[in-house]
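Heads up, the thing below is written out as structure tokens.
2 protein chains.
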Amino acid sequence: MHARTVGQAGETEVLRRILARLAPSTAEVGPGDDAAVLRVAGGRVVASTDTLVHGPDFRLAWSSGHDLGWKAAAVNLADIAAMGARPIALLVALTMPDDTPVAFVEDLADGLRQACLSLAPGCAVEGGDLAASDTLTIAVTALGTLDGPAVRRSGARPGDIVALAGHAGLAAHGLQILFERFRDVDGHAVPVDPAVLTPAERRAVAAQVRPEPPIALGHAAAHQGATAMMDVSDGLVLDATRLAIASRVCLELATAALGGDPLALIGGEDHALLATFPRDAVPAGFRAIGRVTPHGAHPVLVDGEAPTCRGGWDPYSDWDQARG
Amino acid sequence: MHARTVGQAGETEVLRRILARLAPSTAEVGPGDDAAVLRVAGGRVVASTDTLVHGPDFRLAWSSGHDLGWKAAAVNLADIAAMGARPIALLVALTMPDDTPVAFVEDLADGLRQACLSLAPGCAVEGGDLAASDTLTIAVTALGTLDGPAVRRSGARPGDIVALAGHAGLAAHGLQILFERFRDVDGHAVPVDPAVLTPAERRAVAAQVRPEPPIALGHAAAHQGATAMMDVSDGLVLDATRLAIASRVCLELATAALGGDPLALIGGEDHALLATFPRDAVPAGFRAIGRVTPHGAHPVLVDGEAPTCRGGWDPYSDWDQARG
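So the sequence lines, in the order shown, correspond to chains D and B. Under numbering that gives the first Met the number 0, think of the first position of the first sequence as 0, with each following residue one higher. Under numbering that gives the first Met the number 0, think of the first position of the second sequence as 0, with each following residue one higher.
And the structure:
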């Protein structure tokens, strides 16, 4: 017996099944017309887009449809949070092969809904697009509202405290476990057997396939005086370097505050919030990991030294073309 | 000598080259931070997303990078226009193989910019994402503003006039020319030789690869009393059926007003605006093509008869897997 595929079901049925899984729309116009219409308090909208592609961004042996829906929502919500905004809507462009099981798509819709409910209550999928493709791709656009100034990367000032909310290196640790222990002799991804993992290892794998960025803390940080903020998607040193350059300052990081894990400096995909706050104003949920000093020879110092590794990943140079 | 590829250039250079080609941002926060921040007059934002995928949606032998950037913008702008809104920004998620020439990507960025300048002045690319993929995919989200009620599919009333702005069937005629005359013996797409086409045929092919939907007429129609509106992407009969069902009315179309071309009824991809207006209120730019009558046995009648063909295309059932 074979699972029913989207090619057998056709676009209309697939769309109907997805819509049945999503949270009810609270928009002025939700799914079903040419476009969604959303109320935007404050007269400004925050908008960002981020894509998950089968191969470079995920393996189907390691991630369920639910995981992928969740992660596609989470990484986009993090970009909205990093501006100090509150997410209000997602638009999801899903392109997939016609042999994709309908049940997989339903699972993905469940993951989208549950990530919104858990990480950003009040935000829901309000629009999208279905297309055929040889490559399963989930392109999400997130929209949000601001009730104050946007928190940009460029506002850090000497004297500020550098602070982090969320994990540093945990998702990368999970990816390392997947690559080292869940591939066959030819290097193809094989399903994860949780029974062979310690609880700590299971947490790391979960952080990779189903990240939980601290979305609500983005808006809270903005209200509590964050001078600059961004989400850490490429690793702490690389993203801190970007923030330091945009602000024309130096970020001095202390590894003691990061638990001494080398992956904490270079591991990406946790989508933690990296922010700077005036001294004595670091809000609950953030932990101090360094300080802002004047612009100097290096944008980032780690324990007083120029970092020797910076992390990061180039989608065009670094992907090995494997899917699985 | 080989063209420089995105794999050789890397993400940072590709992004820099794209940004150099886009129109300057007029947003509060444009490209370069975690998200864009856009002013939204009227406190509402209109949002839609639509994707072009290599294979089902285009062949590289028939469409240049410029054509694809233009078309990706145009089809998304049409969804915003169809709500009676004015487009203000595009977000572009571009996923592509690492052997994609950098020059192709620059050409695509030029097409995005020029479509915005020509079809929706004031709208620009304000954000996006670059990712690697085996399949070239352009997922665009368009945002717009409304200064009145959204024009939905559901507002048509018996007694209204059915009107159309833009082409009906021209893009489908162009696709027919491409499929019949620009494929090799194995069915692979081969480049178009304009010298063997009549001026009318060249116009049809241009309408397919580089459509020019009447974007500004969407906002104008809303101001002039349109009771319902949508863009025609799947063919006039099928999309009129959707509008009729949403409005619980019958749309009676007259082929004489459509020039007698059978493709006018079933051809998609022109992204014309189909709207209904109170009698005597059809604005300039729209032509009357029928009338709205009470809900009956058929949602659409063509010259008084139930239509025998309706057009439309299912991405999962109808794509033959060829790319080219």
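Glycine residues also receive a C-beta, built at the ideal position from the N, C-alpha and C atoms.
- Put simply, the region 193 to 204 of chain D does not touch the region 37 to 57 of chain D. Fewer than three CB pairs are less than 8 Å apart.
- Taken through DSSP and simplified to helix, strand or coil, cysteine 249 of chain B comes out as strand.
- Glutamate 304 of chain B has B:Val301 as its beta-bridge partners, per DSSP.
- Using beta-carbon distances, proline 314 of chain B counts as an interface residue toward chain D, with a partner under 9 Å.
- Proline 213 of chain B is positioned such that its CB atom lies closer than 9 Å to that of alanine 80 of chain B.
- Chain D places no beta carbon closer than 9 Å to that of proline 100 of chain B, leaving this residue out of the contacts.
- Contacts with chain D at 9 Å (Cβ-Cβ) include leucine 129 of chain B.
- When only Cα atoms are considered, proline 157 of chain D and valine 291 of chain D end up about 5 Å apart.
- In summary, no residue of the region 253 to 277 of chain B has a CB separated from any CB of chain D by less than 9 Å.
- Segment contact: the region 125 to 141 of chain B against the region 233 to 242 of chain B, fewer than three CB-CB distances shorter than 8 Å; contact not assigned.
- Its Cα nearest to that of valine 208 of chain B, the residue B:Leu51 stands out among B:Leu51, B:Ala256 and B:Val124.
- Residue state for leucine 163 of chain D is assigned as strand, using DSSP reduced to three classes.
- For a Cβ distance threshold of 9 Å, nothing in chain B lies close to alanine 60 of chain D: the least Cβ distance comes to about 17 Å.
- Arginine 241 of chain B places its beta carbon 9 Å or farther from that of valine 36 of chain D.
- Residues of chain D with a Cβ closer than 8 Å to the Cβ of serine 117 of chain B do not exist; the shortest Cβ-Cβ separation is about 21 Å.
- Along the length of the region 213 to 296 of chain D, whole beta strand (DSSP E) runs at least 3 residues long occupy 227 to 231, 248 to 252, 271 to 276 and 286 to 293, reported in chain order.
- Here cysteine 308 of chain B is exposed, its C-beta having fewer than 16 other C-beta atoms within 10 Å.
- Within 7 Å of the CB of isoleucine 79 of chain B, the CB atoms of chain D belong to Ala34, in sequence order along the chain.
- Unbroken alpha helix (DSSP H) runs of no fewer than 4 residues, entirely contained in the region 7 to 91 of chain B, are found at 64 to 80, following chain order.
- In the structure shown, aspartate 128 of chain D adopts extended strand secondary structure according to DSSP, grouped into three states.
- Bridge partners of leucine 142 of chain B according to DSSP: B:Ala46 and B:Ala88.
- Counting of Cβ neighbours within 10 angstroms places glutamate 179 of chain D among the exposed residues, the total staying below 16.
- The beta carbon of glycine 295 of chain B lies closer than 8 Å to those of Cys249 in the same chain, with the five residues before and after it left out.
- In chain order, Leu76, Pro86 and Ile214 place their CB closer than 6 Å to the CB of alanine 119 of chain D, counting only its own chain and leaving out the 5 sequence neighbours on each side.
- Using a Cβ distance threshold of 9 Å, valine 299 of chain B and proline 306 of chain B count as a contacting pair.
- Under the three-pair Cβ rule at 8 Å, the region 266 to 274 of chain D counts as touching the region 162 to 178 of chain D.
- When the beta-carbon positions are compared, arginine 3 of chain B and valine 74 of chain B stay at least 9 Å from each other.
- Glycine 289 of chain D and arginine 322 of chain D have their C-alpha atoms roughly 39 Å apart.
- Chain B places a beta carbon closer than 9 Å to that of aspartate 49 of chain D, counting this residue as a contact.
- Secondary structure at leucine 196 of chain B: coil, using DSSP grouped into helix, strand and coil.
- Aspartate 78 of chain D counts as buried, since no fewer than 16 other beta carbons sit within 10 angstroms of its beta carbon.
- Judged by DSSP secondary structure, serine 153 of chain D falls outside any alpha helix (DSSP H); it is assigned neither H nor E.
- For glutamine 320 of chain B, a Cβ of chain D is located within less than 9 Å of the residue's own Cβ.
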